[in-house]
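First residue of the sequence shown? That's 37 in our numbering, and the numbers climb one at a time after it.
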Amino acid sequence: MQIHWREEMAIDGGLIDGDHKHLISIMNEFCAASPTEDSRDRLLGILDRLNVYTTIHFRREEQLQRAVHYPYIDAHHHEHGDLLRELYSIHEGLAGPVAAPPAEDAAADDDGPTPAPPPPMAEAGSIVEAHRTVAEFLHHWLIDHIIKSDLRMKPFAKRMAPLSQGMQPLKQMRAWVD
Ligand SMILES: [Fe+2]
37 MQIHWREEMA IDGGLIDGDH KHLISIMNEF CAASPTEDSR DRLLGILDRL
87 NVYTTIHFRR EEQLQRAVHY PYIDAHHHEH GDLLRELYSI HEGLAGPVAA
137 PPAEDAAADD DGPTPAPPPP MAEAGSIVEA HRTVAEFLHH WLIDHIIKSD
187 LRMKPFAKRM APLSQGMQPL KQMRAWVD
């Protein structure tokens, strides 16, 4: 299940679209990976990478929203927090509890609505089923929430553009998880 970038996903023709394309490429990498027991660590590594780059993206998206006084910023901030908690939960479901979520994450506070429960994980050992479940969840997570919700920013994109020019595109970054 690969996601292909489409023009109707475009928000600013610049930094935000580039970020979303990069997140899509990581999600596609997860979906294309062979789900074998030997590849479990690799799958978890891809989810780690998705988490790091998503956190960076959410933070600067909110930075841009604050700068242009985006009217839905509070709701968007809470949605970002929920999405990061959901991503943490699916990582935990695939791996078991291996690490605490970031304690000082500006995009994930405790005062937002309760996030949706993580998808049910397959029985231990059924890596094929777990991979399929996570891939389907990520598809919904990325397209239905991240991109569709962000489309409301489109009328503000022109004002955001000069502010985003000094930000480095995600695909040019090298996070510690790469
Ligand atoms: Fe976004």
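The C-beta atom is built at its ideal place from N, Cα and C for all residues, glycine as well.
Every value quoted in this text rests on a predicted model; they were computed, and no experiment measured them.
Backbone CA spacing between A46 and L119 [nearest angstrom] = One C-alpha to the other measures close to 20 Å.
task = Go to K222, then tell me how far its alpha helix (DSSP H) extends in each direction, as first and last residue.
result = Absent from the structure is residue 222, since the part of the chain shown begins at 37 and ends at 214.
message = Any contact between the stretch 50 to 59 and the stretch 182 to 196? By contact I mean 3 or more CB pairs, one from each, below 8 Å.
response = Yes, since at least three Cβ pairs between the stretch 50 to 59 and the stretch 182 to 196 fall closer than 8 Å, the two stretches touch.
Residue ranges of each beta strand (DSSP E) within the stretch 72 to 142, 3 or longer = DSSP runs (the beta strand (DSSP E)) wholly in the stretch 72 to 142: none.
key: Cβ-based burial, P107 [other Cβ within 10 Å; buried from 16]   = Flag for P107 reads exposed.
message = Mapping the DSSP letters down to three states, classify Q208 as helix, strand or coil.
response = In this structure, Q208 counts as helix in the three-state DSSP scheme.
ask   = Rounded C-beta distance between M63 and I39? I'm assuming under 8 Å.
value = With 8 Å as the limit, M63 and I39 qualify as a contact, their Cβ atoms being about 6 Å apart.
Backbone CA spacing between A158 and P71 [nearest angstrom] = Note on A158: pLDDT 45, under 50, position unreliable in the model; no value is reported.
task = List the endpoints of the continuous alpha helix (DSSP H) containing K194.
result = In the DSSP assignment, K194 falls within the alpha helix (DSSP H) that extends over 193 to 200.
Nonlocal neighbours in the same chain, by C-beta distance under 6 Å from E44, ignoring five residues either side = Correct list: empty, nothing qualifies.
Where H181 falls: helix, strand or coil (DSSP) = Correct three-state label for H181: helix.
inquiry  = Looking at N87: is its Cβ nearer than 8 Å to the Cβ of L123?
reply    = Cβ distance < 8 Å, so N87 and L123 count as in contact.
query = Mind checking whether the beta-carbon of I179 lies closer than 7 Å to any heavy atom of ligand 1?
reply = If you check the C-beta of I179 against ligand 1, you find no heavy atom less than 7 Å away.
key: Proximity below 8 Å, CB of L80 to CB of A131   = Yes, the Cβ-Cβ distance between L80 and A131 is below 8 Å.
query = How would you write the range of the alpha helix (DSSP H) that L174 sits in, first residue to last?
reply = Going by DSSP, L174 is part of the alpha helix (DSSP H) stretching over 163 to 175.
inquiry  = Only counting the same chain, and skipping five residues up and downstream in sequence, which positions put a Cβ closer than 6 Å to that of K207?
reply    = Answer for K207: H58, listed in chain order.
request  = Using three-state DSSP, classify M45 as helix, strand or coil.
outcome  = Residue state, collapsed to three classes: helix.
task = State buried or exposed for Q204, treating a residue as buried only when at least 16 other CB atoms are found within 10 Å of its CB.
result = Q204 comes out exposed.
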